[in-house]
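>
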Amino acid sequence: LVGPLRMGIDFTSLLMAVLSEAQNPSGTSNKFPSSLLLAVYAVIAGVGLIMWLAIVWFGIGLDSGEVSNADNDNSEKLMGDEHVEPRPSAQSPRGGPATGVAEHIVEE
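Just remember that the numbering used here sits 1065 ahead of the position in the sequence shown, which is counted from 1.
1) Output the boundary residues of the alpha helix (DSSP H) element that contains F1123.
2) Leaving aside the five residues before and after L1084 along the sequence, list all residues of the same chain whose C-beta is less than 7 Å from its C-beta, in chain order.
3) Sorted by chain position, which residues of the same chain lie with C-beta nearer than 6 Å to V1132's C-beta, five sequence neighbours on each side aside?
4) Using the three-state DSSP reduction, which class does T1093 fall into: helix, strand or coil?
This is the structure we're talking about:
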């Protein structure tokens, strides 16, 4: 998830620099009004916000929370005789089970 996010930031920076240069290539006079340029920037930021909300809403790129049997066996060996009961899963705002880092933290 970090790679595409980083690429998106770099691409947006490039796009905004190109638009700024297109507005004022000579450095002395604008080809189109600054308000139009700022409106285009707002649209780009809005598209980025919608994409980020989609990533958060649908959980794109998040760990599914499933643990393989091999991981369970290793954790039992490391913990010795202690047995930790799993916590009940939380509900996400969408009504399904929540997945994330908070569920993987074992309370002591």
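Each residue gets a CB set at the ideal place from its N, CA and C atoms; glycine is no exception.
Taking the coordinates as given:
1) Residue mapping note: residue 1123 aligns to position 58 of the sequence shown, counting from 1. F1123 -> alpha helix (DSSP H) spans 1099-1123.
2) The residue you call residue 1084 lines up with position 19 of the sequence shown. Result list for L1084: L1102, V1105, in chain order.
3) By one-based count along the sequence shown, residue 1132 stands at place 67. Unreliable positioning characterises V1132 in this predicted model, as indicated by a pLDDT of 49, which lies under 50. The coordinate reading is nonetheless provided below. Cβ neighbours of V1132 beyond the five flanking positions: none.
4) Numbered from its first residue, the sequence shown carries residue 1093 at position 28. DSSP places T1093 in coil when its eight states are reduced to three.
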